[in-house]
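J.: Protein chains in written order, with my numbering: chain V, 1 to 211; chain E, 1001 to 1211; chain P, 2001 to 2211; chain Z, 3001 to 3211. Idealized CB from N, CA, C, for every residue including glycine. Dropping a structure here in structure tokens format, bear with me for questions.
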DNA sequence: AATGAATGAGGCTTCATTCAT
DNA sequence: GATGAATGAAGCCTCATTCAT
């Protein structure tokens, strides 16, 4: 599930790499994308030198974390598609799981610079494309099933997912309820049913492609 | 509508203060809360010294921006409450306007540290409380009118607003459509109508209060 | 007794000047010669602008304080010479009073830079010369009286005075006893009496003249 | 004799640390305790970063210098005690050597802030205590020998030493003579011999303990 | 290959001094 | 004349990155 097989690394090197990635993920989440490299290294239990051997600079580390995150989302999406009996249920599951992915994804989205870095990375781009493909299929399926309103596209759903990834401004112990309720509201809004038609046109994956 | 009239300042000092605040708002938005103070000063057309005379450190500046932002939201909420014929319409307007506030609000929410700073500021706290009061009245009103589903509270709506304030990952020219559609979806989800009841209990303002 | 008659100043201007000088003296004593000019101004109850009108820069202020201090020492010396019945008693009094002068003198002697500034100031130079003249007479007199050992000069005594001006590293309440005892020891050392002759030659005022 | 062996440092790191300390000592002496850290670093032949890695801030550096200085004084005192045939001679030697220690000791004593920093440092405190212990023994010994007047204590001698550490206001080439003569005067004052008794009570180490 | 020391650029902040009100 | 606002140079310190051990 790791984004970057990176030739073959010796077992210990691989372990180092993983520890660094995990440390970076955690610290980005807790402290934002500006944590000193040295602290990431310390948390990973290695020296800075080792960190830099693996990731030439901060941007490389950010990209690696982003790739890892998106890879995880892709895996979730594919699992949902493959394991759920109906596309609607896959959609519901996908949206529910976003909550779980939140912690891992939004980390890198904190600073505009970090975001720019990620946006430019082709590897990450690639994952995003694949995710959108799966989403496209799920959306189409759910509409064919008559469960999902027909005036939404994968782009719309993607936006919802991204919103659900946002850290809500609620105390830790309420955060889960909050997300559950928002999700339920969104599902109610997504359900096929007479209602006010959405403004604009159906949003596709392409609409969200940057630049 | 500025948060801090700050006794009487000499005319030029006041103008400087306002320019600095505006510059900070803009640069926080564009670059995140870590922009060099010097750049903010340059953009405001003053020397760093002036900036520091007015705002003793970065945190003070962040707080001032946050206060200004929340004051704006409060003004919007009160205007919506006072000017719209029904509470439901006030609610719709409020959610629509969030989009306009986005640029100004989310600025300071980028880094965990910045967020902590804001959370602690009593002045800002105060604005948040007042905003929630207005929201409470609007929500109750819309429910009395039978337009708003009865299993939501001001807390739920506040969360939606905060989500709408998030920068969506879409190209600039699509961003507006995206937000319009998300908003419409949310409104569809909020409308009183037979549907799946929301999980958990109605969220009140208190549920979102930190700590 | 003020060092610098400075043409004629209007009464209020003169009062400002004196307040600034007093404030500077006090703050140099408490905080060292690097206290912010602004704090000196505040303590004097005037704006910085006023301070700078009176003293073009920090060095000018330091010089003024030094002049004031030395003028005071000179006055003490002359008073001792004029009022005491014997030269030895004048000498004893002078050394005793140094204690009182300490607070005011050592202030400006804290930083090497400040010291350089003072050393170069001709006005202060002048006071030092006059002081040495008085001291010369007192020393000669006391030796003629047979009270003061004959192998010391005004230079030697001046050094002792300067040592007595040093802040001793003792708790506030012990400081006075300490100085009294040191002084008594020194006087015992100075008294004419068979003992080991001092090394080197008699130190005159000229020996201490810098450069 | 260095105050802080600081676990084991890599050979080069240790050398750097020592160079920094030496540079700081020299520059504090010449320029006072406010010399720019960068200049200290330059003089030590290292980058600022290195300086800061070793001494987290200026205060840490000041403390380290102070500790080193006091350690040196202690060593001198112990050597004098151990190597001189009589306690009186040990005392004379100690007072003479103070002159040599001057350059290194008074450095850090220039600004009130620096002094406060040092006073608070327990490590330095410790050295001061040990020094006083040695002094106590020397004083008692010299009195038993009948050489030292009986109405002085280690506290009195400590004060004399501290005075001798003061930079005398004399041209460089005269400074040594000056100190020799002052020292001789003091010794004459200290010698056991009928004379005027000292005022107050014998000063002990405790009398000088701050707070 | 791993470590952690060294470097120095760059951001933060203070404060001496100047200048508009 | 007095005031206090504005300026910007200069010192402090941090941290990304490089490099010796």
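Residues in its own chain within less than 7 Å of residue 3128 of chain Z by CB, not counting five upstream and five downstream?
T.: 3070
J.: Between which two residues does the alpha helix (DSSP H) harbouring residue 2139 of chain P extend?
T.: 2122 to 2144
J.: Residues of chain Z with CB under 7 Å from residue 2162 of chain P, in chain order?
T.: 3168, 3169
J.: Between residue 1205 of chain E and residue 1151 of chain E, how many whole angstroms is the CB-CB distance? I'm expecting something under 8 Å.
T.: Residue 1205 of chain E to residue 1151 of chain E, Cβ: 16 Å. No contact.
J.: Output, in chain order, the set of chain P residues within a Cβ distance shorter than 8 Å of residue 3182 of chain Z.
T.: 2156, 2159, 2160, 2163
J.: I'd like the list of long-range same chain contacts for residue 1124 of chain E, defined as Cβ closer than 7 Å, with 5 residues on each side in sequence excluded.
T.: 1063, 1066, 1067, 1070, 1118
J.: Could you tell me the distance, in whole angstroms, from the CA atom of residue 192 of chain V to the CA atom of residue 154 of chain V?
T.: 15 Å
J.: If we ignore side chains and look at the alpha-carbon of each, how far apart do residue 1077 of chain E and residue 1147 of chain E end up?
T.: Across the structure, residue 1077 of chain E and residue 1147 of chain E are spaced so that their CA atoms are roughly 19 Å apart.
J.: Indicate the three-state DSSP secondary structure (helix, strand or coil) for residue 282 of chain V in the structure shown.
T.: This structure does not reach residue 282 of chain V, given that chain V is present from 1 up to 211, and the question cannot be answered.
J.: Look at residue 2043 of chain P and residue 3156 of chain Z and say whether their C-beta atoms are less than 7 Å apart.
T.: Going by C-beta atoms, residue 2043 of chain P is not nearer than 7 Å to residue 3156 of chain Z.
J.: Could you name the residues of the same chain whose beta carbon sits closer than 7 Å to that of residue 3179 of chain Z, not counting the 5 residues immediately before and after it, in chain order?
T.: 3099, 3164, 3168
J.: For residue 148 of chain V, write down the residues that DSSP places opposite it in a beta bridge.
T.: V/191
J.: Going by CA-CA distance only, name the one from E/1207, E/1045, E/1166, E/1094 that's closest to residue 175 of chain V.
T.: E/1207
J.: For residue 2111 of chain P, would you say it is in contact with chain Z, using Cβ-to-Cβ distances shorter than 7 Å as the test?
T.: Chain Z contact via Cβ: present.
J.: Does chain P have any CB closer than 7 Å to the CB of residue 3074 of chain Z?
T.: no
J.: Can you list, in chain order, the residues of the region 1008 to 1042 of chain E whose Cβ is nearer than 8 Å to any Cβ on chain V?
T.: 1030, 1031, 1032, 1034
J.: Among the residues of its own chain, which have a CB less than 7 Å from the CB of residue 5 of chain V, if the five just before and after it don't count?
T.: Because the pLDDT of residue 5 of chain V is 48, which lies under 50, any placement of that residue in the model is unreliable, and the question is left without a value.
J.: Counting contacts by CB-CB distance shorter than 7 Å, is residue 1188 of chain E in contact with chain V?
T.: Yes - at least one Cβ of chain V is within 7 Å of the one on residue 1188 of chain E.
J.: What number of angstroms, rounded off, separates the C-alpha of residue 3216 of chain Z from the C-alpha of residue 2134 of chain P?
T.: Not covered by the structure: residue 3216 of chain Z. The range shown for chain Z is 3001 to 3211.
J.: Determine the chain Z residues that contact residue 2196 of chain P at a beta-carbon separation under 9 Å, and present them in chain order.
T.: In chain order: 3184, 3187, 3188, 3191.
J.: Where does residue 1017 of chain E land, buried or exposed, given buried means 16+ other C-beta within 10 angstroms?
T.: buried
J.: Counting only beta-carbon atoms, is residue 3174 of chain Z nearer than 7 Å to chain P?
T.: yes
J.: Using the beta-carbon of each residue, which ones in chain E are nearer than 9 Å to residue 146 of chain V?
T.: None at all; the shortest Cβ gap to chain E is about 16 Å.
J.: Verify whether the separation of the beta carbon atoms of residue 114 of chain V and residue 33 of chain V is less than 7 Å.
T.: Against a cut-off of 7 Å, the Cβ pair of residue 33 of chain V and residue 114 of chain V comes out as a contact.
J.: How would you list, in chain order, the residues of chain V whose beta-carbon sits under 9 Å from the beta-carbon of residue 1203 of chain E?
T.: 170, 174, 177, 178, 181
J.: For a contact meaning CB atoms closer than 9 Å, what does residue 199 of chain V contact in chain E?
T.: 1177, 1180, 1181, 1183, 1184
J.: State the DSSP-derived secondary structure class of residue 279 of chain V, mapped to helix, strand or coil.
T.: In this structure chain V extends from 1 to 211, so residue 279 of chain V is not present and cannot be described.
J.: Tell me the DSSP secondary structure of residue 2166 of chain P in three-state form.
T.: coil
J.: Helix, strand or coil for residue 1078 of chain E per DSSP?
T.: helix
J.: Tell me the rounded alpha-carbon separation between residue 1211 of chain E and residue 1121 of chain E.
T.: Unreliable placement is indicated for residue 1211 of chain E, whose pLDDT of 48 sits below 50; the coordinate value is still reported in the next sentence. Each residue's alpha carbon lies about 13 Å from the other.
J.: Could you check which residue in Z/3126, Z/3142, Z/3203, Z/3058 has the C-alpha nearest to that of residue 3187 of chain Z?
T.: Z/3142
J.: With DSSP collapsed to three states, give me the class of residue 3200 of chain Z.
T.: coil
J.: Name the chain V residues whose beta carbon is nearer than 9 Å to that of residue 1207 of chain E?
T.: 170, 171, 174, 177, 178
J.: How many Å lie between residue 1012 of chain E and residue 1041 of chain E at the Cα?
T.: In this structure, the straight-line span from the alpha carbon of residue 1012 of chain E to that of residue 1041 of chain E is close to 15 Å.
J.: Quick one: complete alpha helix (DSSP H) runs, 4+ long, within the region 1041 to 1103 of chain E?
T.: 1048 to 1054, 1058 to 1083
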